[in-house]
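Asks: Can you keep this structure in mind? I'll have questions shortly.
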Amino acid sequence: MPKQQRKVSNAIQQLFENKKKGVAWLIDPGKFNPNSISDVFWANLHGLELDLILVGGSQDESSDLGELIQFIKERTSSIPVVLFPGSYQQVCPEADAILFMSLISGRNPEYLISQQVRASRATQNSGLEVLPTAYLLVNDGEICSVHRKSETLPISNEELDLILDTALAGKFLGMNYCYLDAGSGSSSTVAPAVIRAVSSELQLPLIVGGGLNKLQKIHQCFEAGADVVVIGNQIEKDPGFLTEVLNFKKFYNEELHVN
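This is the structure we're talking about:
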């Protein structure tokens, strides 16, 4: 049964066009413990204007992914659930949309195109809203789990021209979104100068994640031009951090942006 089309892309596009900021919570099925999140936390999410919940990451098998998404949807029915697939096995029709990503910062064909080919038929049959996304790994040289799994190295924050050229290539290949990721649990982030340059050059919705464990870093991303920031590891350590980020986002959008 086809899902409501363009629900997620329209929401991201509105953020982009209105110069508003969004927040996504990334849940890694391999790390997420439902028992660590209280019912009060789930109930509060409805009033905190969380924009997206991303699900996916380190594990390959998707046998429990549908159950996890159903668990999330039962508690957050109004918040879109978007797949952030770590492999072709994480295509799951219970979600609302999928970030159909190509890891264009690396040169491993497995994550440039091979995984995408293997996922294409399941994605077509799922009815998921598809968001074609240029995915770039960028940090200060730190090797995180995503780099080990994809067998690719991050581009250094200092290699600005290479980052811009790579992001532009994604745009010219028809990808509608750009995701700059420092890597889950990274001690460094995507540099504000990189975010600013990519945002200005691409003029496409920009998603930024990795290492965003303090409000100051969130603020820097917003100021530099990120349209959506992604928080993951820090919420696993401190669920209350998501509340802080969402309250800050609301203040930022209300106080620093005109209608």
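For the sequence shown, this note's numbering gives the first residue as 132, with consecutive numbering after it. Ideal Cβ positions, reconstructed from N, Cα and C, are used throughout, including at glycine.
In the DSSP assignment, the alpha helix (DSSP H) including S330 goes from what residue to what residue?
Replies: Indexing the sequence shown from 1 puts residue 330 at position 199. Start and end: 323–333.
Asks: Say whether chain B places a C-beta atom closer than 7 Å to the C-beta of Y219.
Replies: Reference to chain B is not applicable here, since this structure consists of a single protein chain.
Asks: Using three-state DSSP, classify G153 as helix, strand or coil.
Replies: In the sequence shown, counting from the first residue as 1, residue 153 sits at position 22. Three-state result, G153: strand.
Asks: So what does DSSP say about Q145, is it helix, strand or coil?
Replies: For this step, residue 145 is matched to residue 14 along the sequence shown. Helix at Q145.
Asks: DSSP three-state call for T320: helix, strand or coil?
Replies: One-based indexing of the sequence shown puts residue 320 at position 189. If DSSP states are grouped into helix, strand and coil, T320 belongs with coil.
Asks: When you compare the CB positions of C275 and G237, do they come within less than 7 Å of one another, or not?
Replies: As a position in the sequence shown, residue 275 is number 144, starting the count at 1. As a position in the sequence shown, residue 237 is number 106, starting the count at 1. Contact flag unset, no.
Asks: Is it right to say Q94 is buried, meaning 16 or more other beta carbons lie within 10 angstroms of its own, or is it exposed?
Replies: The structure shown does not extend to residue 94, since the chain is modelled only from 132 through 390, so no value can be given for it.
Asks: Just the C-alpha distance for K302 and E225, rounded to the nearest angstrom, thanks.
Replies: Indexing the sequence shown from 1 puts residue 302 at position 171. Indexing the sequence shown from 1 puts residue 225 at position 94. If you take the alpha carbons of K302 and E225, they lie about 29 Å apart.
Asks: Work out the CA separation of N149 and N390 for me, nearest whole Å.
Replies: Here residue 390 is taken as the residue at index 259 of the sequence shown, counted from 1. Here residue 149 is taken as the residue at index 18 of the sequence shown, counted from 1. Unreliable placement is indicated for N390, whose pLDDT of 46 sits below 50; the coordinate value is still reported in the next sentence. Taking the straight line from one Cα to the other gives about 8 Å.
Asks: How would you call Q365, buried or exposed, if buried means at least 16 neighbouring beta carbons within 10 angstroms?
Replies: By one-based count along the sequence shown, residue 365 stands at place 234. Buried, since its Cβ has 16 or more Cβ neighbours within 10 Å.
Asks: Report the rounded CA-to-CA distance for I200 versus G356, giving the unit in angstroms.
Replies: Looking up residue 200 in the sequence shown gives position 69. Looking up residue 356 in the sequence shown gives position 225. C-alpha separation (whole angstroms): 30 Å.
Asks: Are there three or more Cβ pairs, one per stretch, closer than 8 Å when the region 214–234 is compared with the region 255–274?
Replies: In short, these stretches touch, since the Cβ pair count reaches three.
Asks: Please list, in chain order, all residues of the same chain as I349 whose beta carbon is under 7 Å from its beta carbon, the five residues on each side excluded.
Replies: Looking up residue 349 in the sequence shown gives position 218. Result list for I349: L343, V360, V376, F379, in chain order.
Asks: Pick out whichever of N384, A250, D369, E205 has its Cα sitting closest to the Cα of P216.
Replies: Here the question's residue 216 lines up with position 85 in the sequence shown. Comparing Cα-Cα distances from P216 to each of N384, A250, D369, E205, the minimum goes to A250.
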